[in-house]
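Worksheet for the structure shown next.
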Amino acid sequence: MSVKLGIDLLEKNSGLFDGRRVGLLTNCTGVNSSFESTVDLFHEHFNLKKFFAPEHGVRGNLQAGVTLESYTDHKTGLPVVSLYGENRRPTKESLSDLDIIAFDIQDVGSRFYTYIYSMACVMQSCAEHGKKFVVFDRPNPLNAAAVEGNILQVKSFIGMYPMPQRYGLTIGECARLFNEEYGINCDLTVVAMDGYARGMYFEDTGVPWIVPSPNIPTVDACFAFNCSCVFEGTNVSEGRGTTKPFSFVGAPWIDAPKLADALNSAGLSGVVFRPHYFSPMIYHPTLTKYGGELCAGVEIHVINRAAFRPVHTGITMLYAIRDLFGELEFSPPHQPGAKYMIDCNTGNTYIREWKHSLNEVLQLYESDSVAFACVKEKYHLYRE
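All residue numbers for the sequence shown refer to our numbering, where the first residue is 12 and numbers rise by one.
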């Protein structure tokens, strides 16, 4: 039986919004199981006053990292307040004509994906200005059971709270964690899904997959993203600008067969590496690495999701490339005083500083994963 999304239960929960002035934080993934847009449903049935837009915009038409200005939505004529520009939190003025804000966005289950922090920032503003916040829950594509990675120490907009890279929560459960564990304390309601179990992968739910951002076109890309996005802060391409972003990893100076052989011999479970060559398309002047150049590297083939450990695999790949080729470098900060991107991605400085051996890092990650798994249980909404 198919899972019913939180937004599928809108009619049952309509009393939350009746007679109230409503704001909506959503994007292109905001659709119910019948492909009806959350935007259209709220515009038709409630007093919808405005939208709030995360990274990539309400319609999902902007690339990663592209600054978004506030604008008017062409279909509804309503104002869209950017949360990925000058302000990451709604201002008192932007909330002044609202009573309640609804949230409906598909997450990908990885700490460095920004939608959970746009949600958190709106929750903070709601707490400060006395507005109610409602989350329509959605599945975690990686499943909501497995936890993997270190607890974050370096804070940024791709990591605001001390949680591991793979946190094993739905986005509604994340809201509960942020609100209670990390002290936001807004007036929060999570509209839970019906029929969802923690161990489900996305395809198990029967819910349609909607591309949440330009470089996550498939559910498989969510697994690859949680593995290879660590290379975002290096001089190794993570496959942006190719047909399979995050599944391709490489650089002009890598020996593809040598890397594939080393990784396939590393005892990594649930994954096979194939030598691969690719030339990234130039789609953004600052985000494309090696645009138009031939890169050599590997394609990540996940052959067993249950056995695959994406965080473990990504760090192993990083160390292997360093040890095999000696040309791995970390991208410098964009401006003086800014953080290294690798520190933001990994949530620590010890990777960039090479303070530990690979085995020591994996032991640290395992210890942090176990600790967080105990914390997160308090916020579970679904059975195993």
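All C-beta atoms in this analysis are idealised placements derived from N, C-alpha and C, irrespective of residue type, glycine included.
Is the Cβ-Cβ distance between residue i and residue j less than 8 Å?
i      : j      : result
Arg363 : Tyr351 : yes
Leu89  : Ser44  : no
Val241 : Thr83  : no
Pro65  : Leu106 : no
Val322 : Asn226 : no
Val42  : Ile221 : yes
Asp354 : Val165 : yes
Tyr207 : Pro150 : yes
Leu335 : Ala273 : yes
Leu21  : Lys60  : no
Arg122 : Ala156 : no
Asp148 : Val218 : no
Glu159 : Gln135 : no
Val133 : Phe189 : no
Phe284 : Cys197 : no
Thr125 : Ile169 : yes
Thr299 : Leu27  : no
Ile162 : Asn38  : no
Leu329 : Cys233 : no
Tyr212 : Ala262 : no
Give me the Cβ distance between residue i and residue j, rounded to the nearest whole Å; I'm assuming they're in contact under 8 Å.
i      : j      : result
Thr181 : Leu392 : 7 Å
Thr216 : Phe341 : In fact, because the Cβ distance is near 38 Å, the residues do not count as touching under 8 Å.
Asp266 : Ala307 : 7 Å
Ile314 : Leu369 : Ile314 to Leu369, Cβ: 23 Å. No contact.
Phe114 : Val146 : 5 Å
Ser25  : His56  : 7 Å
Ala318 : Gly281 : 3 Å
Phe257 : Ser239 : 5 Å
Phe383 : Tyr178 : 7 Å
Pro344 : Val309 : Not quite, the Cβ-Cβ distance comes to about 28 Å (not below 8 Å), so this is no contact.
Count the other C-beta atoms from every protein chain shown that fall within 10 angstroms of the C-beta of residue i, then say buried if there are 16 or more, exposed otherwise.
i      : result
Gly71  : The predicted position of Gly71 is uncertain, since its pLDDT is 48 and thus under 50; a value taken from the coordinates is nonetheless stated next. Buried, because 16 or more other Cβ atoms sit within 10 Å of the Cβ of Gly71.
Tyr288 : exposed
Gly141 : exposed
Ile112 : buried
Asp404 : This structure leaves residue 404 out entirely; the chain is present only between 12 and 395.
Ile311 : buried
Glu249 : buried
Met204 : buried
Gln374 : exposed
Cys385 : exposed
Asp118 : buried
Gly76  : The pLDDT assigned to Gly76 is 47, lower than 50, so where the model puts this residue is not dependable; a value taken from the coordinates is nonetheless given after this. With fewer than 16 other Cβ atoms within 10 Å, it is exposed.
Thr254 : exposed
Pro101 : buried
Pro223 : buried
Gly34  : buried
Pro291 : buried
Lys387 : buried
Val46  : Correcting the residue identity first, residue 46 is Phe in this sequence and not Val. Exposed, because fewer than 16 other Cβ atoms sit within 10 Å of the Cβ of Phe46.
Ile293 : exposed
Arg394 : exposed
Pro268 : exposed
Lys366 : exposed
Ala349 : exposed
What are the boundary residues of the beta strand (DSSP E) that includes residue i?
i      : result
Lys389 : That residue, Lys389, is in no beta strand (DSSP E); it is neither H nor E in DSSP.
Gly183 : Per DSSP, Gly183 belongs to no beta strand (DSSP E); it is in the alpha helix (DSSP H), Ile182 to Arg187.
Asn190 : It is not in any beta strand (DSSP E) - Asn190 carries neither H nor E in the DSSP assignment.
Asn36  : Contrary to the premise, residue 36 reads as Leu rather than Asn in this sequence. Taken as a continuous stretch (DSSP letters only), the beta strand (DSSP E) holding Leu36 covers Arg32 to Thr37.
Asp115 : Ile111 to Asp115
Ser93  : Pro90 to Ser93
Glu481 : Nothing can be reported for residue 481: it is not among the residues displayed for the chain, which extend from 12 to 395.
Lys60  : Asn58 to Ala64
His85  : Premise fails: His85 is in no beta strand (DSSP E) and is neither H nor E.
Pro286 : Val282 to Phe289
Phe341 : It is not in any beta strand (DSSP E) - Phe341 carries neither H nor E in the DSSP assignment.
Phe147 : Lys143 to Phe147
List the endpoints of the continuous alpha helix (DSSP H) containing residue i.
i      : result
Thr327 : Pro321 to Phe336
Asp272 : Ala267 to Asn275
Lys103 : Lys103 to Leu106
Tyr128 : Tyr126 to His140
With respect to 7 Å, is the separation between the Cβ of residue i and the closest non-hydrogen atom of the ligand PLP below this value?
i      : result
Pro101 : With respect to the ligand PLP, the structure shown offers nothing to examine, as it has no ligands at all.
Could you tell me which uninterrupted beta strand (DSSP E) segments, each at least 3 residues in length, are contained entirely in the region 345-375, listed from first to last along the chain? For the region 345-375, there is no continuous beta strand (DSSP E) assignment of 3+ residues that stays within its boundaries.
Could you name each continuous beta strand (DSSP E) segment of 3 residues or more that falls completely within the region 185-263, going from the start of the chain to the end? Within the region 185-263, the runs of beta strand (DSSP E) at least 3 residues long that lie entirely inside it are, in chain order, 198-202 and 259-262.
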